[in-house]
Every structure is written in structure tokens, then in C-alpha cells.
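There are 2 protein chains.
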Amino acid sequence: MSQKPEILSVEEYKTDAKWLKLENIKWKDQTGKERGWEAANRSTRSKAGVDSVHILAILDHPSKPPSTIIIEQFRPPAGATVIELPAGLVDEGEDAESTALRELHEETGYGTGKSGDGVSVEDVSSVLVKDPGMTGANFNLVTVKVKLNENDPEPEQHLEEGEHIVKRVVPLKDLYDVLQTYAKDGFVVDGLLGSIALGWKLAGKYA
Amino acid sequence: MSQKPEILSVEEYKTDAKWLKLENIKWKDQTGKERGWEAANRSTRSKAGVDSVHILAILDHPSKPPSTIIIEQFRPPAGATVIELPAGLVDEGEDAESTALRELHEETGYGTGKSGDGVSVEDVSSVLVKDPGMTGANFNLVTVKVKLNENDPEPEQHLEEGEHIVKRVVPLKDLYDVLQTYAKDGFVVDGLLGSIALGWKLAGKYA
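Note that the protein sequences, when read in sequence, are chains A and B. For what it's worth, the UniProt record's numbering labels the leading residue of the first sequence as 1, then goes sequentially. For what it's worth, the UniProt record's numbering labels the leading residue of the second sequence as 1, then goes sequentially.
Here it is, written out as C-alpha cells:
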């Protein structure tokens, strides 16, 4: 006797926090039993219903191996400098593709913030969740191909005041090992980036 | 003039929530400026300092392609049935390996909850973070190899009262496409699982 689970109500707990909120969810489980669950969410989600995008850039260079761009950024909630994909919150009125191209340009300097000039969106994932036992936080994983010419210089970032982000170009084939080294050196690796690297490595072993 | 950023203080906001908490972080940025940040965290983290493990199982069968196990589970914070890796919170006194073997046994039936009998931990990632702009939530990604014999039956799950988890064995080479189909059918895919599948697919294209 199994029925489709459903959300009955969502109530916000009172707090003085501004950017985040805690919620008390009432839901009905597969047996029809009413149960409770707590969730944390951003207060900033745009009408599009997606919090953020993460950008997997593929740098396609005539004489260098296919590479991606990772960033180093201090993240107060982790209390550490985290190695991540370029990423950003979706602004009101943006879609996943435009957010991805804008953030790629800001955080890494690649592209112009729009498609064209050798920069194209190759893939947009379905809406993915980050930690669905704790939060509804969600995102699109956007793969962006960047076609480079032999002597293109490394472009400059366009960071906002107060943003401190270091970028690094890494051949995809070296990504897993590079992340291992970061971890040994006291950095913390983001789970999405670590998972992409693991998937790549497993393909080399089991594909 | 750059200095190492650091956390100055972490204060908990008052709420009536039990399992989650919101925190007000004061930190000093790379220019020495004092700044604020909000974070959401679980109240349940064990002394080991890691919230959870996610388990990438590799089923090694004599005549079937290398496969992994994914689960379907309704997640109230996402308001949807999420397709995920088997996973679970680290109990007090457990390490990543023992949590992984216990949860793999409970959620999928594979193994005995301990190592041996063809079940071995192949890799434990560094401590990874899930959404470090919002939370310190962290985990280990544990790769577990399960050696099967030709006629081994599909084992039964050992779920707790109130757990409703459907498991599914998927050849690694089909994982990306299987997840695409789930998304089309109205399920939500977990970001870590989606990232592993993307990494595998990219290796096929760019390795």
C-alpha cells in the first residue's frame, strides 16, 4: 500500500538571519503518515526557481590538452579556501545560460559575458540539487566550450569589489590528481568538482 | 597587500529548529576588512567532524558491465523524489569506511555492513563540501568495490522503519542517459551523482 508522498505545508522559523531561512516542512509519506522535516534555504532565489549555476568550461586549444578552469575562493561557511568550479547565483530575469556566460567572464575572464566569439554553451544539465536531505538548494551544471587560438593570452578576470578569486587552468586529464594535491595542502575541494574528477577517473578504469 | 582570510567568530541565531541551525559568521577578508556571512548547518555532526558519506559502488560481475547502484528517495527539502548515490550520516564513533559499508548494506543489501566477502573500500575522497557559499555541510565520497559471482541473487535491502528507498543497478556506461531520462520523467537528480555521470561522459569525449 504505497502512495505518492507530498508536501502539506512549509512554515518559516523566526530568525534574525537575512540571506538564509529555516523551514518546518509537514509532509505525508508513502504510507500516508504525516511527518516533519527541517530545511535551510536561501532567501534570494529568483523567480526562475533555480539558485545558481556551476560552469564546467572546456578550453579547446590547438596545441594544449583539453582543459578546464577551477577557482580558489575563501568560503566562510566552510572556514577554508575551497577549490570549485566557477559559479554564481542566478539574477532576476537571467536563465542558466546567460548566468553561466556572465559568471565565466567575471570570474575567469574567458568570453565576453555573451555567447559568440568562440564561446558556446555545450550542455545545460537538468535542475540538480546539492544536499536534498537538508536544503532545496539547486543549480544547473552548464558546460561551456571556449575555442582558443594558438597565441591567445590568458584573459584577465573582471571581479567585483571585495571578490578575491584565484583562477587556474587545469588539463582535464590532470584534474583528479590536482585536486588530491590541493587537499593535501590544506585546501577543501568542492563535492561537485570532486565528483566530476572521480567520474573522469572511473571512465579511464572501467569504460 | 593580501593576507590569509580567517574566521573571527560564529554565533548561532535563535530559532526553534532542532536538526538545523543558522549561524552568523564574522570573518576577516584578504584586505583585513571585517565582514559578515550567514551559514546553515546540521546540529548532528559527530565528533569526527564530517556530516555524511556518499557511496559509489562498483559492482564487478563476471559477465555484466561494471555497474553502480543509485537510489530513489523522496526528499522533503527538495519536494521531490531525488535520484542519488546511497548515503548516510556518520554516527558517533564511525569513520567514513564503516559508515559507507553500513549504509551500502542497509540501503542496497550489498555486503554485510563490514569489509570482506568480496566487498572492499577502493577509495575515500578527502573531505568535500556540498554548497560552501551557504553551509559547511561536508562528506566523504567512498568508492566501494563489490565482487559478484555469476549467479548471485540481487540482495534485499535492510531499511529502517519509515525508510522508503528504491534501489536500482545501472551500468556505469549508461548512467548519464539514465539520469537524463529520470529528469524528463519528473524526478530530480542529485548534483554529486549528476557530476560523476558528466565526468564519465566527458572522459569519453575528451580523454
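The beta carbon of each residue, even a glycine, is placed where N, CA and C say it ideally should be. This structure is a prediction, so every number in the text was calculated from the model and none was measured.
Worksheet item: Touching or not, the stretch 90 to 103 of chain A and the stretch 133 to 145 of chain A, by the rule of three or more beta carbon pairs under 8 Å?
Response: yes
Worksheet item: Going along the stretch 182 to 198 of chain A in order, which residues come within less than 7 Å of chain B, judged by CB to CB distance?
Response: 183, 188, 189, 190, 191, 192, 194, 195, 196, 197, 198
Discussion item. Please report the distance separating the alpha-carbon of residue 119/A from that of residue 146/A.
Written reply: 5 Å
Worksheet item: Counting only beta-carbon atoms, is residue 110/B nearer than 8 Å to chain A?
Response: no
Worksheet entry | Contact check, residue 19/B vs residue 199/A, beta carbons under 8 Å | no
Practice prompt. Flag this pair as touching only if the stretch 108 to 115 of chain B and the stretch 12 to 31 of chain B have three or more C-beta atom pairs under 8 Å; answer yes or no.
Written response: no
Fill in: residue 16/B versus residue 192/A - alpha carbon distance
32 Å
Worksheet item: Grouping DSSP H, G and I as helix and E and B as strand, with all else coil, what is residue 19/B?
Response: coil
Worksheet item: Comparing the C-beta of residue 3/A with each C-beta of chain B, is any distance below 8 Å?
Response: no
Item to complete: Return the residues of the stretch 116 to 137 of chain B that lie within a Cβ-Cβ distance of less than 9 Å from chain A, sorted by chain order.
Response: 123, 125, 126, 127, 128, 129, 130, 131, 132, 133, 134, 135, 136, 137
Discussion item. Would you call the stretch 125 to 133 of chain A in contact with the stretch 71 to 84 of chain B, where contact means no fewer than 3 C-beta pairs closer than 8 Å?
Written reply: yes
Discussion item. Residues of chain B with CB closer than 8 Å to the CB of residue 39/A, please, in chain order.
Written reply: 20, 76, 77
Practice prompt. Quick one: grab the DSSP three-state call for residue 107/A.
Written response: helix
Fill in: Residue nearest to residue 197/A in terms of C-alpha spacing, selected from 179/A, 39/A, 57/A
179/A
Worksheet item: Can you give the beta carbon distance from residue 95/A to residue 39/A, rounded, assuming they're within the 8 Å contact cut?
Response: About 25 Å separates the two Cβ atoms, so there is no contact after all.
Item to complete: Can you tell me the Cβ-Cβ gap for residue 167/B and residue 69/B, rounded? I've got them flagged as a contact below 8 Å.
Response: 6 Å
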